[in-house]
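Protein chains in written order, with the working numbering: chain A, 11 to 327; chain B, 23 to 364; chain C, 30 to 177; chain D, 7 to 1008. Quick reminder that beta carbons are idealized off the backbone N, C-alpha and C, glycines included. Have a look at the structure below before the remarks.
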Amino acid sequence: MGALETITQKIQDKAKSLLESGQAEVVIGYRKGSTPLVAAPYFARTPSDCENLIWSSFAKLNLANYLPNRTGKVALVAKGCDARSAVGQVTENQIPRDNLYLIGVPCSGLVDPAKVAAKEGRPIQKATETDETITVSGVGFEVEIKKAEVLRRNCEVCSHRSPTMADELTGPEAPAAKPDDFADIKALLAKSPSERLDYFQDLIKDCLRCYACRNACPLCYCPVCFVDETRPQWLGKSTDPMDTMTFHLLRALHCAGRCTACGACETACPVNIKVREFNRVLDKAVQENWSYEPGLTWEQKPPLTVYQPNDPADFIK
Amino acid sequence: MTEYIVKEDALTAFFQAIANGRRLLAPQGQGENCRLEVATGPVSLDYGNTHLSPKATFFPQTEKILAYHKKADQPKYNQYQDLGDHAEPTVIFGIRPCDAKGLAISNKVFQNDRFTDPYWKGKYESALKIGLACLNPSPQCFCAAMGGSPFGEMGLDVLAYPKEKGLGLKPLTPAGEELVKAASLPSADLASEIKDLEKKAIEAQGPLDTYQIINERKIMELYKADHWSATAEPCLGCGVCTFFCPTCHCFDIQDETSEAGGVRMRNWDTCMSPLFTVHGSGHNPRPSKTERVRQRFMHKLKYIPIKQDGVRGCTGCGRCVVMCPANIDIRTVAATMAQASA
Amino acid sequence: MSEFEPKVVAFFCNWCTYGAADLAGVSRLDYPPNFRVVRLPCTGRLNPKFIMEAFKRGADGVWVSGCHPGDCHYIAGNYYARRKFVLLHTLLETIGVDPNRLRFSWISSAEANKFQAMARDVVESVRACGPNLTFRKAPLALDLPEVA
Amino acid sequence: MASKNVVGAVLVAGGGVAGMQAALDLANAGYYVYMVEKSLAIGGRMAQLDKTFPTNDCSMCIISPKLVEVGRHINVELLTLTDILSIDGEEGDFTVTVRKNPRYIDMSKCIACGECTKKCPRKLNNEYNENLDTRKAIYVQYAQAVPLKYGIDAKECLYLTKGKCGTCQKVCPPKAINYDDKPEEVTFHVGSVVLAPGFTPFKPSVFDTLRYNDVKDVITALEFERYLGATGPTMGHVVRPSDHKDPKKLAFLQCVGSREVNRASNGYCSSVCCMYAIKEALIAKEHSGGDLDVSIFYMDIRTFGKDFEKYFEKAKAAGIKFVRSRVHSILPETGGGVKINYVTDGGLSTVEFFDVAVLSHGLVITGETQELAGQLKLATDQYNFAKTSTFNPVALSRPGFYACGVFTGPKDIPSSVMEASAAAAAATSKLTPARGTLAKVITVPPAMDITGDPPRVGVFICHCGINIASVVDVPKVVEFAKSLPFVEYASNTMFACSQDSQEKLVSLIKEYRLNRIVVSACSPRTHEPLFQETLAAAGLNKYLYEMANIRNHDSWVHAGHPEEATQKAMDMTEMAVAKAALLTPLKENVIDVEPTALVIGGGVAGLNTALTLSQQGFKSVIVEKDSQAGGNANRIHTTIKGENVAEYISDLKTQVHNDPNITLVLSSQVDKVDGYVGNFITTLTTGQTVKHGVTIIATGAKEHKPTEYLYGENRRVVTQLELDELLKADDQNVAKANTFVFVQCVGSREKERMYCSKVCCSHTVHVAVELKKKKPESRIFVLYRDIRTYAQKEDVYKEARDLGVIFIRYDLDRKPEFTQDNKQLRVKVLDPVSGRHLIIEPDYAVLAAAIVSGRETDLGMKFKVPLDEDGWFFEAHQKLRPVDFATDGMFMAGLAHYPKPMDEVVAQAQAAAARAVTVLTQPKMTVGGIVAEIDQNRCSGCGVCKAVCPYSAIDLDDKGKAVVNEAMCKGCGNCASSCRSDAPSLRGFTNAGLFAQIETAL
């Protein structure tokens, strides 16, 4: 049995026992998707539901997104980044720690369907996977692709693949990936300001302002998002590029020091914008200025809620 | 009417002839990135469907409709002025039948015996629409189940289909006939070929027989069914389904102002957002995603059919199925609606 | 064409930099008339969205100034603000907003001369950037589009 | 006394920081205050400082809100340019006669525009800048002065001396000059007197070898302070005075005029010079970019206050050199700079060049103060400081006279402020029946209801004489204002702030039914309260007001660009109108105040706090965790002044026991706390529930248990407190002992406790003197690092040396070594003077063990008040609010704040009571106004607002949503900018209002 099947089995067993013992009223995990390369959120409420739970490298949503405002005890299937989001939500009072059970999945990185589509241009009718590979097929073709070649950007670099804060791990800790060295951002900084502005303006030119990135984000649980504010409604609702840019910049600021690089935003984006580019600029700043990474302890205080008298800020004259 | 053939080597001339000085929109780019755009490069004939539905051509995401000047030295300051319908003569090639049907459904919303929307009307009526039938439907396609067909004709002036690296053409309206005639094409009788191809394509989609049950069940029975909160539970409320849906047509009117003046515009809105129904008082008749998700599926599968003589509000294009980050599949939902008890 | 006169929106805290500007007035220290001051109780009140709003509306530059760290009238407002500024500054600089368009400074209520020097420098830096054409909302088109 | 009528007013003599604090505490406690100040303006010495140690806070920034508060307080009558002529009568009813000297300016007319100064031909030395630059004969003392009114130097004015000139009268826009102004004698009654006359810096002229008189590059520290100041002669640029070049090497000479009985006759330590020298050294290095080479020549470094030792460490880390040597002479160098001759620690005579020598001069009581003390028959010591007792540190020798600040001994700002509050409490201890009898209350008509009315904005554009109108085209701005949305009325006015304009404003509000007012004139920082009062008088909520500062920010700084200035004035007016239209009336709510205090800790601090509160008529509950009250003082024998502590404590306990206002709960602690200022409900571990309006934390501290020097291994090694207990008990072994070794800094000033315990040196020299006096043949050694007998305690140090106590200095890396041989103690220490090791075999070794905090984290959490890293409770502001917590209604006293000797503990306890009285004295408290509020529909309960609130004013309710406690909110808006969904908004500075300003700014 491959690692994927083992994890799936363990998730199902754990979920069943949690539901049977009443330790959880619902187990939030993944089921097989209705289209290829998709694993969908699934809410198991009875022991028999649990056989639909799976683990797969298509499990791209961050299920911590479903935790805020939930009452009752809940168990969450969580990879490293998701578990960190859940920890963040506990520290931000979105769910009581006592109501949360984390079924941790050591993650080896998830597959980016866009990369698969780019590699295999023909319409894909079916996809299957093993630990190391995926096999896609369509009208008159079947191709095997190494997962390592089609990992999501955020999974290629990942400093916390295994959810060490989880209540239980469903397998041995995953081999560490290299942490994000922000090499591309550093390279970008070597360019001229106007080139950089062009780059970021081009990045979001297709944005529909559907806010799927926001809605898929476990950090975006605000009852009223700033883009939806009225009185003053200071952000236009049209597709004006500056309004769109403002949305992305402020969302990034709101996620700063809280983002766990789960990539759910990019997964959700229907027009394939590399939304996280903005977040990463700030991830880098948060790490460099305050040596902070979110979701690693239950006691952590987000960096914008604390200060040090000697915090660096040389640009302030 | 007769059918016509465009040979591979005559394609370029054909597109030139149908454009005839008008704006020509046609599929540009391959695979996921295929879009209906002003044709500047080669026209794609082999694509699943365009990434976005063609509705933005007639109903742009942001459309400025009125404006006024604040400065007293400007003519008619402090008075709203119409900014026009932004229509221009257009030929669209490559609309999939599901999308053409979607436009036809929206057309009844924007133009009917009670009301005419000038901005839609101008653009819709100044465009000639050539559809491109589907030979190999994608896994998410289910137009047939929604009463359509990969070779559906609703809302089109001409139906085309790929034929030996060229095209087969079937004019559907006098305007379509005129358009094709202008291209001086060889005619042919393609009726039986079309029938065969259509049958094959429908079979490839697999059956979905739940719609009839939904049609027969009473509104309140469907509405009060107990599955809605479970159906809605995975929903993120993002509204991607509505942005990509060829029949979603809701909008919000907004004013924007500056020192110089103001503009009134309408923007796409989405019923998946709580803001869609929130009242000035703060009251929201659809307070949670359960009500909102129910609204969307009831609208597509029950309310529109009632208003539009049985034509379903979903055309089976499958975009929402693929785009939904939570994989809420309207086929599954339809099946649930058909079965669920109240 | 007349020389470009930059428009700068300035956000000052009431207790320090606004006071420094008052003192600069008392001392008749002249500086360019290119900025408009929004008075805040504390730089801690400054929501980054105010800065975005200023740029969105076409400001050529934005200047934020408050009490020196440790001098906050509200104990720690500027310490929290400073962290926000670090992020906003990094973000805007990285995405290509000319850093000379956005100035942060600490000016105490006694530093009228620093205020004058900073005011001049802010305006000249922004002037050197030229008009803000790229990081703003396009002016609203208020007339019928010309029919071809 | 009780039978006689007492007067509910107090005289405060001196307008420095101590006098201001005393005045505010008195006025806020319901007394009318006459504040007499000799000079043109209040502010005192602190107004001259650039920065303050140890936080490097900008001095002017922190003092100016206090200046404004004093200046505007309805119950503080400011008598500037005034001399006290006589004070007759007795406590309860004094008759005070003063002379108000002429200012030659009508204060009600002067708008402080400065036109007069600009044109005045007479240039004079500017005392504010220590005569390093010039001022005119008509002048303000400093730019932020309160009252901000000009005055004429009569001795120098050409018109007043020679009858020529008269320019100022010609150019003054509001015609405020009155050359015929005459001195005026005024008599009034007060119940008591608080003297806060301050000090003058020592003049180093008497030291001819230091060459202050004739060498330009020898300057005083206060002169150097002015060089550092942004408003100083070089605007903060450090220069060598002789040639204004950048100096490379700087020397500070400590104890100039202090600890010196030959030329200066000032035996005392001035207490502040070590710290200010370090501060000036650090700031100078900062200003010069860090390359500056700074040496500080000292005898003992006395960094004994809270966070001072860390400051000293910081200075060392910054490369400032500390040279232990008393410099005997300075010689000028040709081409600038000086040569300094000194003898190093090792005895080498050295000459070193410096660009500038800064003399750290001490604090001296002025001749005028001496005269006044003499006239009032107040006892003073040989240095002219007022005599006080340890147990009543602010009461002077004559009933009814109290003092604070340097008059009772040299001290820094926080100690002065503490004493000021203490003096406010002590000075009113007998005046309670008269509280509120003379204090004025403002009555305003009820505000009209404008709910649902559309904005009707009235705009008033001020000419400010010619100050605005000479640059800005005022009529054009008025016309523009009329065109703005919601503006119903716009007009210009010559002086918007004049009495007749204010009256007109009231009638226009009524006539045009204006419900928002915009005044385009000067700075809201100075004038907003005035206009707000006028709005209130017109029945309009005072928050429906906005100001455009078209003078300070426009006409005054763009005089050369009238067109641009006019455009700017129009924009600023538009911004103000846009914001004003969105303003809403802000409610101020009234909450009840429970007139009881909870005092936590029953030591000297706690008992004194409760007794002081009782004198003021307020009840308190003291919670003491021990089974008896008294705390550490139970173990202390005598004070440095020789007072018997046991008797004092027993007297205190009796007083408390007999006081019907005080409940002492022993063997109890705080269990649970609810509520906030005015309305706390605290449950004690005994189950008792206390309702109280304020809380005073006086939990004390404890003596460190040494882990070195054979402590606990040899019974002859005792701590300082243990020795005191032995002395108290008349222990025979101690009486028989002949040799004592005292070891200082045991556990203090070391890595894990980088602070000075402040009391040990003084107590050691005191005990040493006592022992020596009892048994002159005994041999007493004090092993020390720096002797820190600050202020007049230096005399006891000198006495100890005179009596033959031997002081041997040791360094941290060469601590004394303790061994024992058959119970015989042996102490080995290196004598730095001889360079040889000394072996002492003492009968007793006494360890000056550190004072360590109780680290009451749990208590802090319950009351939402912070502790610093050493575990001391953390005050709201180290300089100006040393007994307050940032959280309203919370105060501290005693060692819980920081180690301190008993007189300072008593003073802080009285101060805490005084501060508490300002809350308790109001039966109802007004809260609200510019505070934050939460839209709970937008609140996710994430807690960011709560985390960033500096005042702990935000909590999450039982639904997990944030709520603001209006009584604690100070309106900073940190919550509003930190919330991602804009649930909090700051009234008066709402997003809508600020967005409107941004929009109209462009």
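Proximity test, Cβ basis, 8 Å: residue i and chain C
| i | result |
| --- | --- |
| residue 175 of chain A | no |
| residue 261 of chain A | no |
| residue 192 of chain A | no |
| residue 382 of chain D | no |
| residue 234 of chain A | no |
| residue 89 of chain B | yes |
Nearest candidate by alpha-carbon position, reference residue i, set the options
| i | options | result |
| --- | --- | --- |
| residue 953 of chain D | D/561, D/910, D/468, D/984 | D/984 |
| residue 323 of chain A | C/156, C/62, C/97 | C/97 |
| residue 938 of chain D | D/592, D/751, D/833, D/848 | D/592 |
| residue 514 of chain D | D/501, D/497, D/529 | D/497 |
| residue 941 of chain D | D/968, D/22, D/926, D/963 | D/968 |
| residue 87 of chain A | A/23, A/264, A/129, A/200 | A/23 |
| residue 47 of chain C | D/870, D/853, D/554, D/370 | D/554 |
Beta-carbon proximity check, residue i vs residue j, cutoff 8 Å
| i | j | result |
| --- | --- | --- |
| residue 928 of chain D | residue 465 of chain D | no |
| residue 216 of chain A | residue 281 of chain A | yes |
| residue 686 of chain D | residue 619 of chain D | no |
| residue 288 of chain D | residue 236 of chain D | no |
| residue 131 of chain C | residue 259 of chain A | no |
| residue 153 of chain B | residue 180 of chain B | yes |
| residue 46 of chain B | residue 36 of chain B | no |
| residue 202 of chain B | residue 44 of chain A | no |
| residue 286 of chain A | residue 273 of chain A | yes |
Interface flag, residue i vs chain D, CB-CB below 8 Å
| i | result |
| --- | --- |
| residue 52 of chain C | yes |
Interface flag, residue i vs chain B, CB-CB below 8 Å
| i | result |
| --- | --- |
| residue 30 of chain C | In this prediction, residue 30 of chain C scores a pLDDT of 41, lower than 50, which makes its location untrustworthy; the coordinate-derived value is nonetheless stated afterwards. Output row for residue 30 of chain C: interface = no. |
| residue 218 of chain A | yes |
Proximal chain F residues relative to residue i, where beta-carbon distance stays under 8 Å
| i | result |
| --- | --- |
| residue 20 of chain A | Looking at the structure shown, chain F is missing, and the protein chains on hand are A, B, C and D. |
Any C-beta of chain A under 8 Å from that of residue i
| i | result |
| --- | --- |
| residue 153 of chain B | no |
| residue 72 of chain C | no |
| residue 106 of chain C | no |
- Query: Does the stretch 48-66 of chain A come close enough to the stretch 235-255 of chain A that 3 or more CB-CB pairs lie under 8 Å?
  - Reply: no
- Query: Any chance the stretch 41-58 of chain D sits against the stretch 440-451 of chain D, with 3 or more Cβ pairs inside 8 Å?
  - Reply: no
- Message: Within 8 Å, do at least three Cβ pairs link the stretch 40-59 of chain C to the stretch 139-152 of chain D?
- Response: yes
- Query: Are at least three pairs of beta-carbons, each pair with one atom in the stretch 574-582 of chain D and one in the stretch 620-633 of chain D, less than 8 Å apart?
  - Reply: no
- Task: Flag this pair as touching only if the stretch 894-909 of chain D and the stretch 693-711 of chain D have three or more C-beta atom pairs under 8 Å; answer yes or no.
- Result: yes
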